[in-house]
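As structure tokens, the structure follows; a few thoughts come after it.
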Amino acid sequence: QLIEEDKVLAIIGPSTSGETMKIKNICEEARTILLSCAASETIVNPVAKYVFKTPQKDSYAAQAIFTTMKEMGITRIGVVVGNTGFGNAGKGQLEKYAPDFGIEILIAEVYDKAATDLTGVLTKLKAKGVEAVINWSIVPAQSIIPKNMKQLEFNVPLFQSHGFGNIKYVEAAGQAAEGIIFPAGRLLIADVLAGDHPQKELLVRYKKDYEDRYNEAASTFGGHAYDSLTILVAAIEKAGSTDGEKVRDAIENLTGFVGTGGVFNFSASDHNGLDINSFEMLTVKDGKFVVYK
Numbered sequence: 377q378l379i380e381e382d383k384v385l386a387i388i389g390p391s392t393s394g395e396t397m398k399i400k401n402i403c404e405e406a407r408t409i410l411l412s413c414a415a416s417e418t419i420v421n422p423v424a425k426y427v428f429k430t431p432q433k434d435s436y437a438a439q440a441i442f443t444t445m446k447e448m449g450i451t452r453i454g455v456v457v458g459n460t461g462f463g464n465a466g467k468g469q470l471e472k473y474a475p476d477f478g479i480e481i482l483i484a485e486v487y488d489k490a491a492t493d494l495t496g497v498l499t500k501l502k503a504k505g506v507e508a509v510i511n512w513s514i515v516p517a518q519s520i521i522p523k524n525m526k527q528l529e530f531n532v533p534l535f536q537s538h539g540f541g542n543i544k545y546v547e548a549a550g551q552a553a554e555g556i557i558f559p560a561g562r563l564l565i566a567d568v569l570a571g572d573h574p575q576k577e578l579l580v581r582y583k584k585d586y587e588d589r590y591n592e593a594a595s596t597f598g599g600h601a602y603d604s605l606t607i608l609v610a611a612i613e614k615a616g617s618t619d620g621e622k623v624r625d626a627i628e629n630l631t632g633f634v635g636t637g638g639v640f641n642f643s644a645s646d647h648n649g650l651d652i653n654s655f656e657m658l659t660v661k662d663g664k665f666v667v668y669k
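Take a look at the structure:
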């Protein structure tokens, strides 16, 4: 309907990888710009001419996690993922990059995304003697996994994907969330960024405006939509037109664009425009997100 009846210039969203992949080819064939707010690298790799995305790639998230694990001396891990497009793509990235960091995945389990008790899955990981756990999922499992680990006295570091970037997930997990480590954009730690950081001004302003308006903590997910919209507006201004082809070209040539997810540098071969440095490793301390050190 949006494409054929409303004849829209562009579509912003969806916010999940599975849904994005279902409409990727539709938008490509219709030559309609798609600015996805989902994480999977498969959205932009291989490159589709009219498809872009604003969240950081899951491949970079996996590498950021493994870099931290290597620094911690962790070499034998367990992986659990939800049965979603996001979870399955994350599992693939973890399995692809683990060997590069000298990390062995002893066990990888896929669970029902709607599960409310994951002790059975975690018991399998505990029996394998893993040194850490990576959970790659959307809600509600992000909060269930830490609670179930605490119940099982499964006392190893828990890493989560960049999908954990909402303080509501910490609140849902309660005390069990303490110590969780995950990669995220710098929106969640905007207040502690150096004054000369290129994102500082934007992040502080966005965070304040969002929280004043909606009376809740800003999350990285709203930031992805904000980035998509402001990138589209910048491209229209740069093109001096709302012609789809001219706007598409303008997005692809947009560089040095400061967003909530990082500084975007798009190109013909990169329709995400962010590198691994757009991530910061965070942890939960006293119920809040802080920089992991």
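At position 220 of the sequence shown the residue is numbered 596 (the working numbering), and the sequence of numbers has no breaks.
Every residue, glycine too, gets a C-beta built ideally from N, C-alpha and C.
Predicted model, so just to flag it, every value in this text is computed and none were measured.
- In the structure shown, residue 560 falls within a strand segment according to DSSP collapsed to helix, strand and coil.
- According to DSSP, residue pairing for residue 657 in a beta bridge involves 559.
- Using a Cβ distance threshold of 9 Å, residue 642 and residue 649 count as a contacting pair.
- Closest by C-alpha distance to residue 513, out of 467, 477 and 604, is 467.
- Per DSSP, residue 464 lies in no beta strand (DSSP E); the unbroken alpha helix (DSSP H) holding it starts and ends at 461–473.
- Under the DSSP assignment, residue 518 falls in the alpha helix (DSSP H) whose first and last residues are 517–527.
- Using a Cβ distance threshold of 9 Å, residue 559 and residue 655 count as a contacting pair.
- Following the DSSP letters along the chain, one finds residue 496 inside the alpha helix (DSSP H) bounded by residues 495–503.
- Here DSSP, grouped into helix, strand and coil, assigns residue 508 to strand.
- The C-alpha of residue 545 lies about 17 Å from the C-alpha of residue 509.
- Contact annotation, residue 445 with residue 479: C-beta distance approximately 6 Å; criterion of less than 8 Å satisfied.
- Only buried fits residue 487, as 16 or more other CB atoms lie within 10 angstroms of its CB.
- Per DSSP, residue 622 is one residue of the alpha helix (DSSP H) stretching across 620–628.
- Cβ-Cβ distances below 6 Å link residue 567 to nothing in the same chain once the five nearest sequence neighbours on each side are left out.
- Just so you know, the alpha carbons of residue 503 and residue 533 end up roughly 16 Å apart.
- Of the candidates 475, 450, 381 and 438, the residue whose Cα lies closest to the Cα of residue 464 is 438.
- The C-beta of residue 624 has 16 or more other C-beta atoms within 10 Å across all chains shown, which makes the residue buried.
- If the five residues before and after residue 535 are omitted, its C-beta is found closer than 8 Å to the C-beta atoms of 441, 444, 445, 508, 509, 510, 511, 556, 557 and 558, all from its own chain and listed in chain order.
- Taking C-beta atoms as the reference points, residue 428 and residue 607 count as a pair closer than 9 Å.
- Taking all protein chains in view, the Cβ of residue 603 is crowded by 16 or more other Cβ atoms within 10 Å, so the residue is classified as buried.
- The C-alpha of residue 453 is placed about 12 Å away from the C-alpha of residue 485.
- By the criterion of a C-beta distance shorter than 8 Å, residue 450 is surrounded in its chain by 479, 507, 508 and 533, once the five residues flanking it on both sides are discounted.
- Around residue 390, the same chain offers 396, 399, 412, 413 and 414 as residues with beta carbons nearer than 8 Å, after the five sequence neighbours per side are excluded.
- In this structure, the beta-carbon distance from residue 407 to residue 426 falls below 9 Å.
- Between the alpha carbons of residue 659 and residue 618 lies a distance of about 42 Å.
- The beta carbon of residue 393 sits closer than 7 Å to those of 414, 415, 416, 419, 461, 462 and 465, all from its chain and outside the five residues before and after it, given in chain order.
- Of the other Cβ atoms in all chains shown, fewer than 16 fall within 10 Å of the Cβ of residue 492; this residue is therefore exposed.
- Residue 404 is bridged by DSSP to nothing; it lacks a bridge partner.
- Our two residues, residue 404 and residue 424, have alpha carbons roughly 7 Å apart in a direct line.
- Note on geometry: alpha-carbon atoms of residue 528 and residue 564 lie some 30 Å from one another.
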